Amino acid sequence: MELQISPVLSGLPRVNSNDLEDLQGNLKDLTEKNYKRLKNSLETEGFIFPLFVWEDPNTGEKYSFDGHQRLRLIQREIPGGIMLPYVRVEASDREDAKKKLLLFNSNYGEVTKDGWDEFIAEFSDTSFVSNMTTFSGFLDENWNVSTDDDDASKVDDASSNTDSGVADADTPTYRVEAVCVSEREQEQLFNELTERGFPCKVLSL
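Its first residue numbered 9, the sequence shown is counted upward by one per residue in this note's numbering.
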């Protein structure tokens, strides 16, 4: 894989991709589908965002603080290593670094359908979303859920007590929110339910 580094990042220090340790460990999983999306984005757009790196003051080891999935993919696709631009993160020790990593990766906001539609209104082609990002669940063809003003728990066109998951017009329907522990589990559950006819949306990305 050839990787182009954005010239905008030329003023930042660089580190060899093979000299970085992984601070995150197995905190996040990368599905095969998202691996392909990430690889496609790097090949198409290049390396446009710097890594965030923490250097252990006791050992001098450098750890990837963010951008773990990009780094894992690059280490696999470019085994000889490549010099990557980074921003230094201050932390007193490993525990402090991990606490800041959790702060950095916390998703405090939630994407709404109205907000999403407004955001992508200027997109002439949404294939970019499906091929290179994890936001495909918000595209219209994957978004079939609308709330009922009279009862927030009822959902139009959601699952019913039928085997196919398709409800009659007069049948009350309800929303179920599932919490998954990994992207792989989330993707498997999403695919399983949509194949059975249940309209689904992704709430955390």
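Built from N, CA and C at the ideal position, the CB exists for glycine as well. As the structure is a computational prediction, the values presented were derived from the model and not from experiment.
Out of curiosity, what's the CA-to-CA distance linking residue i and residue j?
| i | j | result |
| --- | --- | --- |
| Thr202 | Asp37 | 22 Å |
| Phe57 | Leu17 | 8 Å |
| Ser14 | Glu200 | 39 Å |
| Leu81 | Lys47 | 7 Å |
| Asp158 | Ile128 | Annotation note: pLDDT 43 at Asp158 (below 50); position unreliable, coordinate value reported separately. Looking at the two C-alpha atoms, the distance is approximately 29 Å. |
| Glu193 | Thr39 | 9 Å |
| Glu51 | Ile86 | 12 Å |
Please identify the residue among the options whose C-alpha is closest to the C-alpha of residue i.
| i | options | result |
| --- | --- | --- |
| Leu31 | Glu103, Leu111, Val119 and Tyr71 | Tyr71 |
| Gly88 | Val137, Glu195 and Asp27 | Asp27 |
| Pro65 | Gly123, Ser49 and Asp104 | Asp104 |
| Glu53 | Thr67, Arg78 and Asp74 | Arg78 |
| Met140 | Arg45, Asp101 and Lys41 | Arg45 |
| Tyr182 | Cys188, Cys208 and Ser100 | Cys208 |
Sorted by chain position, which residues of the same chain lie with C-beta nearer than 7 Å to residue i's C-beta, five sequence neighbours on each side aside?
| i | result |
| --- | --- |
| Leu92 | Arg22, Val23, Ser25, Phe55 and Leu59 |
| Leu20 | Pro58, Pro93, Tyr94 and Val95 |
By DSSP, does residue i sit in helix, in strand, or in coil?
| i | result |
| --- | --- |
| Ser3 | With the chain represented from 9 up to 213, any question about residue 3 goes unanswered, as that position is not in the structure. |
| Pro93 | strand |
| Lys30 | Residue 30 is actually Asp in this sequence, not Lys. Looking at Asp30 - three-state DSSP - the assignment turns out to be strand. |
| Ile128 | coil |
| Lys47 | helix |
| Gln86 | Before going further, note that residue 86 is Ile rather than Gln in the sequence given. Ile86 falls in the coil class under three-state DSSP. |
Near residue i, what residues of its chain come up, given a Cβ to Cβ distance below 8 Å and the 5 sequence neighbours on each side ignored?
| i | result |
| --- | --- |
| Glu69 | Glu29 and Glu63 |
| Ser138 | Ser144 and Leu147 |
Which residues in the same chain as residue i place their Cβ atom closer than 6 Å to its Cβ, once the five residues preceding and following it in sequence are excluded?
| i | result |
| --- | --- |
| Glu10 | none |
| Asn113 | none |
| Asp74 | Phe60 and Phe112 |
Count Cβ pairs between the region 107-123 and the region 89-96 that sit closer than 8 Å; are there 3 or more? No, because fewer than three Cβ pairs between the region 107-123 and the region 89-96 fall closer than 8 Å, the two stretches do not touch.
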